[in-house]
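Chemist:
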Amino acid sequence: MNTPIEDVMPVSFDVKSKKQIPKGALVLVMHGCEIPQGNYWAERVAVAAVKTLSSRDLIGVMSYDWDGADQGYWDVPLGPVGDKVRVIRGIKALKHGDLPDLDPIMRQGAQALANRPDAAAKHMIVLSDFDPRAPQNDLIDFMKRNRITCSTVAIGFGAHPIDVNKARWIASSTGGKYYSTKDYSKLPRIFIKEAQIVRRSLIQEVPFSPKIASLLPSTVQGLAGQALPPLSGYVLTTAKRPDVLAIVRDTEDGPDPILAQWRVGLGKAVAFTSGWWPRWGAEWPRWPGFSKLWGQIARWATRQSASAAFDVATSVSGGVGTIRVSAKEADTRSIDFMTIEGTLVNPDNETAPLRLTQVGPGQYEVKFDARDAGSYVVNLAYRMGQGDDAATGTLQTGLSVAFSPEFRELAADEALLRELADRTGGSLLEPVQAGRTFDISGLPPAETRQTIWEALVRWMLLLFILDVAVRRVAVRPIELARKLRRFIAEMGRGRVARPEAVLSTLKGARERLRSDMPGQGGSETQAGPAPTARYT
864 MNTPIEDVMP VSFDVKSKKQ IPKGALVLVM HGCEIPQGNY WAERVAVAAV KTLSSRDLIG
924 VMSYDWDGAD QGYWDVPLGP VGDKVRVIRG IKALKHGDLP DLDPIMRQGA QALANRPDAA
984 AKHMIVLSDF DPRAPQNDLI DFMKRNRITC STVAIGFGAH PIDVNKARWI ASSTGGKYYS
1044 TKDYSKLPRI FIKEAQIVRR SLIQEVPFSP KIASLLPSTV QGLAGQALPP LSGYVLTTAK
1104 RPDVLAIVRD TEDGPDPILA QWRVGLGKAV AFTSGWWPRW GAEWPRWPGF SKLWGQIARW
1164 ATRQSASAAF DVATSVSGGV GTIRVSAKEA DTRSIDFMTI EGTLVNPDNE TAPLRLTQVG
1224 PGQYEVKFDA RDAGSYVVNL AYRMGQGDDA ATGTLQTGLS VAFSPEFREL AADEALLREL
1284 ADRTGGSLLE PVQAGRTFDI SGLPPAETRQ TIWEALVRWM LLLFILDVAV RRVAVRPIEL
1344 ARKLRRFIAE MGRGRVARPE AVLSTLKGAR ERLRSDMPGQ GGSETQAGPA PTARYT
């Protein structure tokens, strides 16, 4: 249920009709705190069990809270599964207290199951290390009287080893099964298997005589008017469309599917809801029409190859791909008014639907975007005629876009090159003349123009400044010439000290040296200030 297989089947596994079929009831008692990541595994196995049930089944989830009481806590009160998202949300809020006694919490769950007379199957699953005290004998007797089975799943670690005897006693006393595993990844599969017990309400084990549907599909052609052998059981399902039914069981609420078929996508699917020949259909293998029925089913469901009358062509131009199908009869007559549909898988592995339209007698065509490089895979399904007698089949083709279309040109386009040379005044060179590629002889001289206004502006600014200086500063030419001659003369003579000043300086230095020497008398000649050198 809720799997990709159900999506392609012609019947729904979840019975949605208003017929009052028996429902199952399941109560989960979760005590997973004695294993590593116990909270995680308790939630995971509970969710796995819920996903196994149908929307009409009943589910209840119980755990133990740290409130000091012996009673269990209903994380999900017993009721219809309905919206599984709501139930899973309640499971995420599981309490994870260390349960001291199994009797109170199991008694609560058993009483809730006993109060649901509309449940054909009543089942309880207990997950624990079974260190808590065992349930009382009167509880076990109560569960037997109300046909409540209980399976035990023993897990544990550390200082509290699993009480195997207690777990086995509870399961065997109530008609359930005992499980124990150290590989916790196997726990979801155990709960899924146990949850399927309440799904047995969808198995109808009553003798009945199946009938061929009135639409008479191709899988049962040639069997109309024959009495089909009786069957003793089948699985309840709901047909997704009335026209998918081939064999049915007539009931007051309408036909129940026994054999259903339909086309889905580019394939076909068949569902047979009975079987199990030794128990449900012991007379079927001896029925003369048995081989014919299953032979027609196999031929109908087998993939049909394309007929030789079909010619499929593909092409790409300007980034647009084209698929053309030519359909002709053996006598070359065109086949018109066909339905051809399919899917396209592009290089990015994305799919897009295709529908070919008739563009001529026996000619069908479709275009698609093929700008990306890579491989394009096309699957087509055709249908000729109307009704279930229509001829059908599949066609497969594809095309590859390696690179840009310009890479397909393996030779130069000389016509285009010559036209370019003529229009621009150039010449077309041969490969042996490659050395003349940069030869400029014979070409007219190149002329370039350069603006000079920036240089003119600079000169105009300089002349403007000189003009202002000449007009504002009064300078006599004679005086300017005299000053210029004096400056040149001084620069030529340099600065020369007078002899008198040099001698006075040397004499003063000698007197100071004598006064500083010892033994030269107590008097100290005081020299006047040394004449300063004079420079001219």
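Our numbering applies: residue 864 is where the sequence shown begins, and numbers increase by one.
Even glycine gets a Cβ: it sits at the ideal position worked out from N, Cα and C.
A quick note: this is a predicted structure, and the numbers were derived from the prediction, not measured.
(1) For Phe1135, which residues from the same chain have a beta carbon less than 6 Å from its beta carbon, with the 5 sequence-adjacent residues on both sides left out?
(2) In the DSSP assignment, find the unbroken alpha helix (DSSP H) run with Gly1158 in it and report its ends.
(3) Could you check whether Leu1219 and Phe1231 sit closer than 8 Å to each other, using their CB atoms as the reference points?
(4) Do you know offhand how far Ala1274's Cα is from Gly1158's?
(5) Between which two residues does the alpha helix (DSSP H) containing Ile1315 stretch?
(6) For Arg1031 and Leu1099, what's the separation of their Cα atoms in angstroms?
(7) Alpha carbons only, please: which of Leu1369, Val944, Val924 is nearest the one belonging to Gly935?
(8) Identify which residue in Pro1093, Asp1106, Val908, Leu1279 has its Cα closest to the Cα of Arg1142.
(9) Counting C-beta neighbours from all protein chains within 10 Å, is the total for Ala1344 16 or more, i.e. buried, or is it exposed?
(10) Would you call Gly887 buried or exposed, if buried means 16 or more other Cβ atoms sit within 10 Å of its Cβ?
(11) What would DSSP say about Gln1067, mapped onto helix, strand or coil?
(12) List the whole-angstrom C-beta distance separating Val1111 from Lys1074, where the pair is believed to meet the contact cut-off of C-beta under 8 Å.
(13) Which of helix, strand or coil does DSSP assign to Phe1426?
(14) Could you name the residues of the same chain whose beta carbon sits closer than 8 Å to that of Gly1289, not counting the 5 residues immediately before and after it, in chain order?
(15) Is it buried or exposed, Gly1237, if we count other Cβ atoms within 10 angstroms and call 16 or more buried?
(16) Pick helix, strand or coil for Tyr1245, following the three-state DSSP scheme.
(17) Decide if Ala1109 is buried, meaning its Cβ has at least 16 other Cβ atoms within 10 Å, or exposed.
(18) Among Asp964, Tyr903, Pro963, which has the Cα closest to the Cα of Lys955?
(19) Of the residues Gly895, Val950, Leu916, which one's Cα is nearest the Cα of Leu962?
(20) Leaving out five residues before and five after Gly953 in sequence, what residues of the same chain have Cβ atoms less than 8 Å from its Cβ?
(21) Give me the residue from Arg1234, Gly1223, Asn1212 with the minimum Cα distance to Asp1199.
(22) Output needed for Ala909: all residues of its chain with C-beta closer than 8 Å, excluding positions within five of it in sequence on either side, in chain order.
(23) Let me make sure I understand the geometry here. Which of Arg1246, Glu1277, Tyr1239, Ala1244 has the alpha-carbon closest to that of Ser1263?
(24) Quickly, what does DSSP pair Trp1410 with across the bridge? List them, please.
(25) For the alpha helix (DSSP H) containing Thr1287, list its first residue and its last residue.
(26) Are the CB atoms of Ala1058 and Leu1243 within a distance shorter than 8 Å?
(27) Which residue comes first and which comes last in the beta strand (DSSP E) that contains Leu962?
(28) Assess, as a yes-or-no matter, whether the stretch 970 to 979 is touched by the stretch 915 to 929 under the definition of 3 or more beta carbon pairs within less than 8 Å.
(29) Determine the direct distance from the alpha carbon of Ala1161 to that of Val874, and round the result to whole angstroms.
(30) Buried or exposed for Lys985, please, with buried defined as at least 16 other CB atoms from any protein chain shown within 10 angstroms of its CB.
(31) Do the CB positions of Val1179 and Thr1260 come within less than 8 Å of each other?
(32) Taking all protein chains shown into account, do 16 or more other C-beta atoms lie within 10 angstroms of the C-beta of Glu1405, making it buried, or fewer, making it exposed?
(33) Determine, using beta carbons only, whether Val871 and Ala1132 come nearer to each other than 8 Å.
(34) Quick check on Asp1119: does DSSP put it in helix, strand or coil?
(35) I need the straight-line Cα distance from Lys1007 to Thr1037, nearest angstrom please.
(36) According to DSSP, is Trp929 helix, strand or coil?
Modeler: In short, the structure shows the following:
(1) Excluding sequence neighbours, Phe1135 sits near Leu1122.
(2) It spans 1153 to 1164 - the alpha helix (DSSP H) in which Gly1158 sits, taken as one unbroken run.
(3) Going by beta carbons, Phe1231 and Leu1219 fall outside the 8 Å limit.
(4) Taking C-alpha positions only, Ala1274 is separated from Gly1158 by approximately 59 Å.
(5) Ile1315: not part of any alpha helix (DSSP H); DSSP gives it neither H nor E.
(6) CA-CA distance, Arg1031 to Leu1099, rounds to 34 Å.
(7) Ranking the options by Cα distance to Gly935, first place goes to Val924.
(8) Pro1093 is the residue among Pro1093, Asp1106, Val908, Leu1279 whose C-alpha sits nearest the C-alpha of Arg1142.
(9) Around the Cβ of Ala1344, a 10 Å sphere holds fewer than 16 other Cβ atoms; the residue is exposed.
(10) Gly887 is buried by the Cβ-count criterion.
(11) In the structure shown, Gln1067 adopts extended strand secondary structure according to DSSP, grouped into three states.
(12) Confirmed, about 6 Å.
(13) This structure cannot settle anything about residue 1426, because the visible part of the chain is limited to 864 through 1399.
(14) Cβ-Cβ distances below 8 Å link Gly1289 to Leu1283 in the same chain, with the five nearest sequence neighbours on each side left out; the list follows chain order.
(15) Looking at its Cβ environment, which holds fewer than 16 other Cβ atoms inside 10 Å, Gly1237 is exposed.
(16) Three-state DSSP puts Tyr1245 in a strand.
(17) So Ala1109 ends up on the buried side.
(18) In this structure, Tyr903 is the residue among Asp964, Tyr903, Pro963 with its C-alpha nearest to the C-alpha of Lys955.
(19) Measuring from the Cα of Leu962, the nearest candidate turns out to be Gly895.
(20) Result list for Gly953: Val924, Asp938, Val939, in chain order.
(21) Selected option, being the one with the closest Cα: Gly1223.
(22) Leu891, Met893, Val924, Ile954, Leu957, Phe1054, listed in sequence order.
(23) If we check each option's Cα against that of Ser1263, Tyr1239 comes out closest.
(24) Because the chain is modelled from 864 through 1399, residue 1410 falls outside the range shown and cannot be assessed.
(25) Counting along the chain, Thr1287 sits inside the alpha helix (DSSP H) bounded by residues 1277 to 1287.
(26) No, they are not a contact pair.
(27) No residue range can be given for Leu962, since it is assigned to no beta strand (DSSP E) and is classified by DSSP as neither H nor E.
(28) Yes: at least three Cβ pairs fall under 8 Å.
(29) When the Cα atoms are used, Val874 and Ala1161 turn out to be separated by approximately 19 Å.
(30) Buried, because 16 or more other Cβ atoms sit within 10 Å of the Cβ of Lys985.
(31) Contact annotation: Val1179 and Thr1260 have beta-carbon atoms that are not nearer than 8 Å.
(32) The structure shown does not extend to residue 1405, since the chain spans only 864 to 1399, so no value can be given for it.
(33) A contact, by the Cβ cut-off of 8 Å.
(34) Residue state, collapsed to three classes: strand.
(35) When the Cα atoms are used, Lys1007 and Thr1037 turn out to be separated by approximately 6 Å.
(36) The answer is coil: DSSP assigns Trp929 none of H, G, I, E or B.
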